[in-house]
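Enquirer: Sequence positions in the sequence shown follow our numbering and run 272 to 696.
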Amino acid sequence: MTRSWPASRSPGPRPIAERSWSRWPAAGSRGWTSTCRARTASGRCASSGTKCCRTSAADTSGRRGVRVQTRAVEFYSDGVRLDGLWWLPAEAAGPARRPVVILCSGYQGLKEWVPVRLRPPFLSAGYACFAFDYRGFGTSDGERGRLRPLEMVEDILSAVTVVQEQSDVDSARLGLVGWGLGGGLVVQAAAGDERVRAVAVLNGLGDAGRVVRDGATYPAWMALHERIREDRRQRALTGRSTRVPWREIILPGAPIGKEDRQFSADVREVGKGIVEEMTLASAEAYCAFRPETVVNRIAPRPLLIVHGARNEYHPLDEARHLYRRARPPKELIEIPGASPASSSGSAARSRRPRRSERHGTHHASATRGRLCRRGPPAPGRPRRSTRRSAGARDGRLPLRAAARAAPSRVRRGHPIQPGACGDAR
Numbered sequence: 272m273t274r275s276w277p278a279s280r281s282p283g284p285r286p287i288a289e290r291s292w293s294r295w296p297a298a299g300s301r302g303w304t305s306t307c308r309a310r311t312a313s314g315r316c317a318s319s320g321t322k323c324c325r326t327s328a329a330d331t332s333g334r335r336g337v338r339v340q341t342r343a344v345e346f347y348s349d350g351v352r353l354d355g356l357w358w359l360p361a362e363a364a365g366p367a368r369r370p371v372v373i374l375c376s377g378y379q380g381l382k383e384w385v386p387v388r389l390r391p392p393f394l395s396a397g398y399a400c401f402a403f404d405y406r407g408f409g410t411s412d413g414e415r416g417r418l419r420p421l422e423m424v425e426d427i428l429s430a431v432t433v434v435q436e437q438s439d440v441d442s443a444r445l446g447l448v449g450w451g452l453g454g455g456l457v458v459q460a461a462a463g464d465e466r467v468r469a470v471a472v473l474n475g476l477g478d479a480g481r482v483v484r485d486g487a488t489y490p491a492w493m494a495l496h497e498r499i500r501e502d503r504r505q506r507a508l509t510g511r512s513t514r515v516p517w518r519e520i521i522l523p524g525a526p527i528g529k530e531d532r533q534f535s536a537d538v539r540e541v542g543k544g545i546v547e548e549m550t551l552a553s554a555e556a557y558c559a560f561r562p563e564t565v566v567n568r569i570a571p572r573p574l575l576i577v578h579g580a581r582n583e584y585h586p587l588d589e590a591r592h593l594y595r596r597a598r599p600p601k602e603l604i605e606i607p608g609a610s611p612a613s614s615s616g617s618a619a620r621s622r623r624p625r626r627s628e629r630h631g632t633h634h635a636s637a638t639r640g641r642l643c644r645r646g647p648p649a650p651g652r653p654r655r656s657t658r659r660s661a662g663a664r665d666g667r668l669p670l671r672a673a674a675r676a677a678p679s680r681v682r683r684g685h686p687i688q689p690g691a692c693g694d695a696r
């Protein structure tokens, strides 16, 4: 019998699939203090032995405030130094060894940005949270402008090892949560590592090359393809790869607009600065990244996929491709009319070429909102759900009987209500 995500009635923190997400505080909106009660005279934390340990003065999570202990750590992946952050509930009550989630950002993602917005529901439920900067980004070491998804997967697996070495977390209850490109990275990481016990993908992707191709005009896609082929020849002859603005790879053919400038400003505000250029070798590696080919290896561990129907940067079809290829236990939650992290998008929708109107909000604006709790259905519009169990697909049960025996695996969430969430910049 396959084990699904634990029910909310089970002891301990509520699982990701059972939780509501609302009112995430904006990064930096709550003041952080530079003092730590556990700090020794040497400047190191008495509990962890690491430097830069600090505790938040007040970190509001969900409906109740939670005091959070924050620890900065250093670790290594393939010999490259990476910077990470621990967030642990500071209350004395609770289990001695807490379950833990590693929050993985997407492209240009920083540990102080998207993970800061994702952590409050976990912390209020008693989870420990860990986030880090990938190699070449943020305050971590590594070559700037080099993006290799499989190397980023190695960074995640190194983070899993570091988390398991902590005495105050339960390494047997370790989950990965990935946002954007990070959604594909956590799928790839979990597929090859049994230490990961659960996976959640938010606005993720199944095939990066398909995302770039479907979001570009045909001439722009062919021009990028030709530049990559020429750069491959140049690398073989000279050992050097041409650097181009990252938008020419992630958004080929799209003009630079207000949303791009705001995106760059947001990243600079919380980290070491945005990586403005990428190598064409990175573009080739990015377009070849296809986590959907290995998503079936995650089972029998639970997989949760959440996606906004109007997320243009990673279209809704990406979530559906992942879901179709995955094996149960799995669940897909579609949020119509908005992204799980989207508050605006009219400017973004007008600036990127697209093949159909089902694509909506660009990543630059999507990173400013957040996933909200599913509200009641709008008047006159009953909530729809598609019920189809793994048994019905395999022919073991009639479809109608399987629908009664198993909970819904594909859900359509309610659109984000106006004012339900504040700004997350």
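Virtual Cβ for every residue (Gly too), placed ideally from N, Cα, C.
Remember, predicted model here, so these are calculated numbers, not experimental data.
With a threshold of 8 Å, are at least 3 pairs of Cβ atoms found where one atom belongs to the stretch 475–488 and the other to the stretch 449–461?
Expert: yes
Enquirer: Could you spell out the range, first to last residue, of the alpha helix (DSSP H) harbouring Ile521?
Expert: 518–521
Enquirer: So the alpha helix (DSSP H) Val433 belongs to, where does it begin and stop?
Expert: 420–435
Enquirer: Taking the C-alpha atoms as reference points, what is the distance between Ile604 and Gly453?
Expert: 18 Å
Enquirer: Skipping 5 residues on each side, what residues in its chain have a beta carbon closer than 6 Å to that of Val433?
Expert: Phe346
Enquirer: Rounded to a whole number of angstroms, what is the C-alpha to C-alpha distance between Val385 and Glu519?
Expert: Looking at the two C-alpha atoms, the distance is approximately 23 Å.
Enquirer: Let me know the beta strand (DSSP E) ranges lying completely inside the stretch 352–412, each 3 residues or longer, listed in chain order.
Expert: 369–375, 399–403
Enquirer: Decide if Met549 is buried, meaning its Cβ has at least 16 other Cβ atoms within 10 Å, or exposed.
Expert: With 16 or more Cβ atoms within 10 Å of its Cβ, Met549 is classed as buried.
Enquirer: Taking 9 Å as the cut-off, decide whether the C-beta atoms of Asp349 and Arg406 are in contact.
Expert: yes
Enquirer: Taking Thr509 as part of the alpha helix (DSSP H), name the residues at either end of that continuous run.
Expert: Residues 489–509.
Enquirer: Among the residues of its own chain, which have a CB less than 7 Å from the CB of Gly480, if the five just before and after it don't count?
Expert: Cys558, Ala559
Enquirer: Taking the Cβ atom as the reference point for each residue, do Glu589 and Val482 lie within a distance shorter than 9 Å?
Expert: yes
Enquirer: Pairs of beta-carbons, one from the stretch 398–417 and one from the stretch 490–505, closer than 8 Å: are there three or more?
Expert: no
Enquirer: Using CA atoms only, rank isn't needed, just tell me which of His585, Gly409, Arg595, Leu574 is closest to Glu602.
Expert: Leu574
Enquirer: Roughly how many whole angstroms lie between the Cα atoms of Gln459 and Val470?
Expert: 10 Å
Enquirer: In this structure, how does DSSP classify Leu587 when only helix, strand and coil are distinguished?
Expert: Residue state, collapsed to three classes: helix.
Enquirer: Per DSSP, what are the beta-bridge partners of Thr550 in this structure?
Expert: Bridge partners of Thr550: Arg514.
Enquirer: Under three-state DSSP, which class holds Asn474?
Expert: Looking at Asn474 - three-state DSSP - the assignment turns out to be coil, as it is neither helix nor strand.
Enquirer: What did DSSP end up calling Ala469 once you bin it into helix, strand or coil?
Expert: strand
Enquirer: Taking contact to mean 3 or more Cβ pairs, one atom from each stretch, closer than 8 Å, check whether the stretch 563–581 and the stretch 594–601 are in contact.
Expert: yes
Enquirer: How close, in whole Å, do the beta carbons of Val424 and Leu456 come, if the pair is a contact with beta carbons under 8 Å?
Expert: 5 Å
Enquirer: Would you identify the three-state DSSP class for Gly486, choosing helix, strand or coil?
Expert: helix
Enquirer: Could you check where the beta strand (DSSP E) with Gly699 kicks off and where it finishes?
Expert: In the structure as shown, the chain starts at 272 and stops at 696, and residue 699 therefore has no counterpart that could be examined.
Enquirer: Measure the C-alpha to C-alpha separation of Leu508 and Ala570 and round it to an integer number of angstroms.
Expert: Rounded to the nearest whole angstrom, the CA to CA distance from Leu508 to Ala570 is 44 Å.
Enquirer: Within the 9 Å Cβ cut-off, does Ile427 reach chain C?
Expert: Any reference to chain C falls outside this structure, which holds one protein chain only.
Enquirer: Relative to the C-alpha of Asp426, which candidate in Arg390, Ala461, Ala443 has its C-alpha closest?
Expert: For the residues Arg390, Ala461, Ala443, the minimum Cα distance to Asp426 belongs to Ala461.
Enquirer: So, helix, strand or coil for Val577, using DSSP?
Expert: strand
Enquirer: Is the CB-CB distance between Gln361 and Val339 below 9 Å?
Expert: Here residue 361 turns out to be Ala, not Gln, going by the sequence shown. For Ala361 and Val339, yes; Cβs fall inside 9 Å.
Enquirer: When you compare only the Cα positions, how much space is there between Arg369 and Pro392?
Expert: 14 Å
Enquirer: Using a threshold of 9 Å, state whether the C-beta atoms of Trp517 and Tyr378 are closer than that.
Expert: Contact: yes.
Enquirer: Could you give the first and the last residue of the continuous beta strand (DSSP E) run that contains Glu605?
Expert: 601–606
Enquirer: Distance, Cα to Cα, Pro562 vs Glu422?
Expert: Within the model, the alpha-carbon separation for Pro562 versus Glu422 is close to 14 Å.
Enquirer: So Arg466 packs on Leu445, CB below 8 Å; how close in whole Å?
Expert: 6 Å
Enquirer: If we ignore side chains and look at the alpha-carbon of each, how far apart do Pro600 and Arg514 end up?
Expert: Rounded to whole angstroms, Pro600 to Arg514 spans 42 Å at the Cα level.
Enquirer: Quick one, are the C-beta atoms of Asp412 and Leu374 less than 9 Å apart?
Expert: no
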